[in-house]
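K.L.:
Chain order of the listed sequences is A and B. Residue numbering for the first sequence is 2 to 214, as defined by the numbering used here. Residue numbering for the second sequence is 2 to 214, as defined by the numbering used here. Quick reminder that beta carbons are idealized off the backbone N, C-alpha and C, glycines included. One structure follows; several queries about it will come next.
There are 2 protein chains.
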Amino acid sequence: MNNGPRRGRRTGSPDTRTQILEVARRRFFSEGYQNVTLRSIAAEAAVDAALISYFFGSKKGLFGAVLSLSANPADFFAQALEGDLTTLPQRVLRSVDLVWADPEAGSRLRAIVSGAADDVAMAALVKEALEREMVDRLAARLGGRDAHRRAGAFCAQVTGLVMTRFVFRVEPVASMRPDALVRLFTPPLRAVLLEPGRRRPGGDPSAPGRKRS
Amino acid sequence: MNNGPRRGRRTGSPDTRTQILEVARRRFFSEGYQNVTLRSIAAEAAVDAALISYFFGSKKGLFGAVLSLSANPADFFAQALEGDLTTLPQRVLRSVDLVWADPEAGSRLRAIVSGAADDVAMAALVKEALEREMVDRLAARLGGRDAHRRAGAFCAQVTGLVMTRFVFRVEPVASMRPDALVRLFTPPLRAVLLEPGRRRPGGDPSAPGRKRS
DNA sequence: CCTAATATTTCCCCCGTGATGAATAACGGG
DNA sequence: CCCGTTATTCATCACGGGGGAAATATTAGG
Chain A
2 MNNGPRRGRR
12 TGSPDTRTQI
22 LEVARRRFFS
32 EGYQNVTLRS
42 IAAEAAVDAA
52 LISYFFGSKK
62 GLFGAVLSLS
72 ANPADFFAQA
82 LEGDLTTLPQ
92 RVLRSVDLVW
102 ADPEAGSRLR
112 AIVSGAADDV
122 AMAALVKEAL
132 EREMVDRLAA
142 RLGGRDAHRR
152 AGAFCAQVTG
162 LVMTRFVFRV
172 EPVASMRPDA
182 LVRLFTPPLR
192 AVLLEPGRRR
202 PGGDPSAPGR
212 KRS
Chain B
2 MNNGPRRGRR
12 TGSPDTRTQI
22 LEVARRRFFS
32 EGYQNVTLRS
42 IAAEAAVDAA
52 LISYFFGSKK
62 GLFGAVLSLS
72 ANPADFFAQA
82 LEGDLTTLPQ
92 RVLRSVDLVW
102 ADPEAGSRLR
112 AIVSGAADDV
122 AMAALVKEAL
132 EREMVDRLAA
142 RLGGRDAHRR
152 AGAFCAQVTG
162 LVMTRFVFRV
172 EPVASMRPDA
182 LVRLFTPPLR
192 AVLLEPGRRR
202 PGGDPSAPGR
212 KRS
């Protein structure tokens with residue numbers, strides 16, 4: 002008789018939790034949060050859908066577990082912050098482009114953004130991450146007058162690049178080669194890093210600046 | 002007896018279609034695409050939910066009808082393009098900020114973006130709109146070498162501002178006053194409008210530019 | 001004015017989703 | 001060996017979008 006998976010605990014010690022996480026990870030990153038159903042994940046993991054509730058509480062819980070699993074891409078950003086301020090925009094641009102162009106990490110980030118637009122809680126998560134991991138760090142790295150504002154503007158620019166290139170895929174930015182991208186976006190990024198009245202970050206302070214109140 | 006709304010066509014000529022549209026419009030713009038249910042719209046319009054299917058085919062159909070109802074915000078952008086190139090960034094910034102800060106139009110745009118993240122078709126719509134209404138128009142306005150690329154970068158910057166300020170609400174950009182916003186974002190926008198090697202758009206062509214192949 | 005076609009409207013049902021609670025089986029410490 | 005804990009499935013629930021069929025009003029054709 003078809004003695005299928007009867008009710009109750011399975012024999013042995015199959016790490017079902019991890020198994021579910023792996024399936025969920027791949028599906029979420031390749032199809033986006035909304036387009037994946039718990040049932041399909043459960044089916045692919047050969048497990049009852051209720052197990053997901055049992056282990057992770059909810060679909061969002063599962064998504065959160067998947068997210069916290071993989072390495073933080075903010076680390077790449079933080080790494081790009083170190084070094085000469087003059088070439089910081091180039092480093093950040095290359096780093097961001099690399100991360101988002103990567104099929105694995107890029108899919109993950111797109112999944113996050115897609116979830117953020119849909120759900121308020123996840124939008125707050127994105128906001129938090131952006132502020133903490135990018136704006137604050139950059140502001141600390143910059144220092145000086147208006148550091149926080151300039152850091153915010155810098156991150157806004159990078160966000161715009163990412164959204165147009167990788168999420169909306171607006172031409173011609175979407176299909177530009179990385180080199181051209183860096184050339185195109187370095188000037189504005191540098192412009193926003195400059196304190197008003199200075200021509201070069203950390204440059205000659207005797208340059209004619211605006212009157213400081 | 003409570004002779005409630007019996008089955009069949011109502012007497013008179015109540016413009017139910019328009020009535021549904023009005024309710025849907027308000028709900029979609031105030032709560033976002035995903036968070037509004039057809040049933041709740043139908044209830045508020047005092048109508049059976051199947052009527053929405055009848056008139057608009059699907060939820061997306063209803064959303065599309067709602068969108069095509071109101072005026073295009075790209076017109077504001079196009080209007081800001083006219084005038085002196087030197088102060089174009091300021092005009093665009095003020096215009097964009099005004100439109101998105103408006104409770105009515107802003108809600109609508111947020112609803113669109115939220116829908117775009119959820120559905121592929123709507124994402125394509127956003128991409129199309131951005132390319133046609135912003136990049137191409139700006140490129141035509143700019144002219145000159147690399148006009149299309151610079152227009153793309155410009156729009157990427159504006160997109161980034163919008164996403165950080167109005168969608169993700171990342172500080173400090175989210176709560177800056179409009180004046181400060183314009184001051185902060187004008188330099189990078191101007192930087193991207195400049196042809197490489199020129200200091201001012203439409204400026205002295207004898208300035209040392211790159212060799213043209 | 002009468003009747004057939006058409007438009008609008010409700011009712012009832014389907015299916016898929018996320019979530020919960022009860023039942024059941026294996027595990028593990030005593 | 002016994003019993004609490006953990007893992008697993010099953011049976012549902014409430015809700016969301018969608019569709020078909022019947023009922024009623026309006027309109028067109030004579």
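Determine, using beta carbons only, whether Pro90 of chain B and Leu182 of chain B come nearer to each other than 7 Å.
P.N.:
No, the Cβ-Cβ distance between Pro90 of chain B and Leu182 of chain B is not below 7 Å.
K.L.:
Taking the alpha-carbon positions, what's the Arg213 of chain B to Ser176 of chain A distance?
P.N.:
Any reading at Arg213 of chain B needs caution, since the residue's pLDDT is 44, under 50, leaving its predicted position unreliable; the model's value is listed next. Roughly 23 Å separates the two Cα atoms.
K.L.:
Using a cut-off of 7 Å between C-beta atoms, extract the partners of Gln158 of chain B located in chain A.
P.N.:
Per Cβ cutoff of 7 Å: Gln158, Gly161, Pro189.
K.L.:
Using the Cα positions of Arg10 of chain B and Glu83 of chain B, report the straight-line distance between them to the nearest angstrom.
P.N.:
One C-alpha to the other measures close to 52 Å.
K.L.:
Where do the ends of the alpha helix (DSSP H) carrying Glu45 of chain B lie?
P.N.:
Glu45 of chain B -> alpha helix (DSSP H) spans 39 to 45.
K.L.:
Just verifying my parser: in three-state terms, what is the DSSP assignment at Ala50 of chain B?
P.N.:
Coil, per DSSP.
K.L.:
Around the Cβ of Val163 of chain B, are there at least 16 other Cβ atoms within 10 angstroms (buried) or fewer (exposed)?
P.N.:
Answer is buried; the Cβ neighbour count reaches 16.
K.L.:
Just mark Glu132 of chain A as buried or exposed, buried being the case when its beta carbon has 16 or more other beta carbons within 10 Å.
P.N.:
It counts as buried.
K.L.:
With 7 Å set as the bound, which would you pick, yes or no: does the beta-carbon of Met233 of chain A sit closer than that to a beta-carbon of chain B?
P.N.:
The structure shown has nothing for residue 233 of chain A, since chain A only spans 2 to 214.
K.L.:
Taking Phe186 of chain B as the reference, which of A:Arg92, A:Ala152, A:Val37 has the closest Cα?
P.N.:
Of the candidates A:Arg92, A:Ala152, A:Val37, the one whose C-alpha sits nearest the C-alpha of Phe186 of chain B is A:Ala152.
K.L.:
Report buried or exposed for Gln158 of chain A, applying the criterion of at least 16 other Cβ atoms within 10 angstroms of its Cβ.
P.N.:
Buried, by the Cβ-count rule.
K.L.:
Can you have a look at Pro19 of chain A and say buried or exposed, based on whether 16 or more other CB atoms are within 10 angstroms of its CB?
P.N.:
The sequence shown places Thr at residue 19 of chain A, not Pro. Exposed: under 16 other Cβ atoms inside 10 Å.
K.L.:
For Asp98 of chain B, count neighbouring C-beta atoms within 10 Å of its own C-beta (all shown protein chains included) and say buried if the count is 16 or more, exposed if not.
P.N.:
Classification of Asp98 of chain B: buried, given that the 10 Å Cβ count is 16 or more.
K.L.:
With three or more C-beta pairs closer than 8 Å as the rule, is the stretch 106 to 113 of chain B touching the stretch 49 to 61 of chain B?
P.N.:
Flag = no, the stretch 49 to 61 of chain B and the stretch 106 to 113 of chain B do not touch.
K.L.:
Sorted by chain position, which residues of the same chain lie with C-beta nearer than 6 Å to Ala75 of chain A's C-beta, five sequence neighbours on each side aside?
P.N.:
Closer than 6 Å at Cβ, skipping near neighbours: Glu134.
K.L.:
Let me know the alpha helix (DSSP H) ranges lying completely inside the stretch 66 to 154 of chain B, each 4 residues or longer, listed in chain order.
P.N.:
As far as the stretch 66 to 154 of chain B is concerned, its whole alpha helix (DSSP H) runs of at least 4 residues are 75 to 82, 89 to 102, 104 to 119, 121 to 130, 138 to 143.
K.L.:
Who are the Cβ neighbours of Gly204 of chain A in its own chain at under 8 Å, not counting the five residues just before and after it?
P.N.:
Caution applies to Gly204 of chain A, whose pLDDT of 40 falls short of 50 and renders its modelled position unreliable; the value that the coordinates give is listed next. Nothing listed; no residue qualifies.
K.L.:
Below 8 Å on the Cβ atoms is my guess for Leu63 of chain B versus Ala25 of chain B; work out the distance and round it to an integer in Å.
P.N.:
Right, the Cβ-Cβ distance comes to about 5 Å (below 8 Å), so this counts as a contact.
K.L.:
Any C-beta of chain A within less than 7 Å: which residues of the stretch 171 to 185 of chain B qualify?
P.N.:
Here the close residues are Val171, Glu172, Pro173, Val174, Leu185.
K.L.:
Need the endpoints of the alpha helix (DSSP H) that Ala175 of chain B sits in, please.
P.N.:
Ala175 of chain B -> no alpha helix (DSSP H), and no H or E assigned at all.
K.L.:
By Cβ distance below 7 Å, which residues in the same chain neighbour Ala50 of chain A in space, the five residues on each side in sequence not counted?
P.N.:
So the list reads Leu39, Arg40, Ala43, once near-sequence residues are dropped.
K.L.:
Answer yes or no: does any C-beta atom of chain B fall closer than 7 Å to that of Arg133 of chain A?
P.N.:
No, its Cβ sits nowhere closer than 7 Å to a Cβ of chain B.
K.L.:
Taking the CB atoms as reference points, tell me whether Val127 of chain B and Cys156 of chain B lie closer together than 7 Å.
P.N.:
Contact flag unset, no.
K.L.:
Can you name, in chain order, every residue of its own chain whose Cβ lies under 8 Å from the Cβ of Ser14 of chain B, other than the five neighbours on each side?
P.N.:
Taken in chain order, the list of residues that qualify is empty.
K.L.:
Using C-beta distances below 7 Å, list every residue in its chain close to Ala112 of chain B, excluding the 5 sequence neighbours before and after it, in chain order.
P.N.:
So the qualifying residues of the chain are Phe29, Phe30, Gly33, Tyr34.
K.L.:
Under a CB-based cut-off of 7 Å, is Ala192 of chain A close to chain B?
P.N.:
Cβ-Cβ to chain B under 7 Å: yes for Ala192 of chain A.
K.L.:
Lys128 of chain A touches chain B at which residues, Cβ-Cβ below 7 Å?
P.N.:
Correct list: Phe169, Arg170, Val171.
K.L.:
Quick one: list the residues of chain A neighbouring Gly153 of chain B, beta-carbon separation under 9 Å, in chain order.
P.N.:
Near Gly153 of chain B (Cβ distances below 9 Å), the residues of chain A are Thr165, Val171, Glu172, Pro173, Val174, Ala175, Met177, Leu185.
K.L.:
From the beta carbon of Arg10 of chain B, is the nearest beta carbon of chain A less than 7 Å away?
P.N.:
No, its Cβ sits nowhere closer than 7 Å to a Cβ of chain A.
K.L.:
What is the rounded straight-line gap between the Cα of Met123 of chain B and the Cα of Ala117 of chain B?
P.N.:
Whole-angstrom Cα-Cα distance: 5 Å.
K.L.:
State the start and end residues of the unbroken alpha helix (DSSP H) segment that holds Arg184 of chain A.
P.N.:
179 to 194 is the span of the alpha helix (DSSP H), which, as asked, contains Arg184 of chain A.
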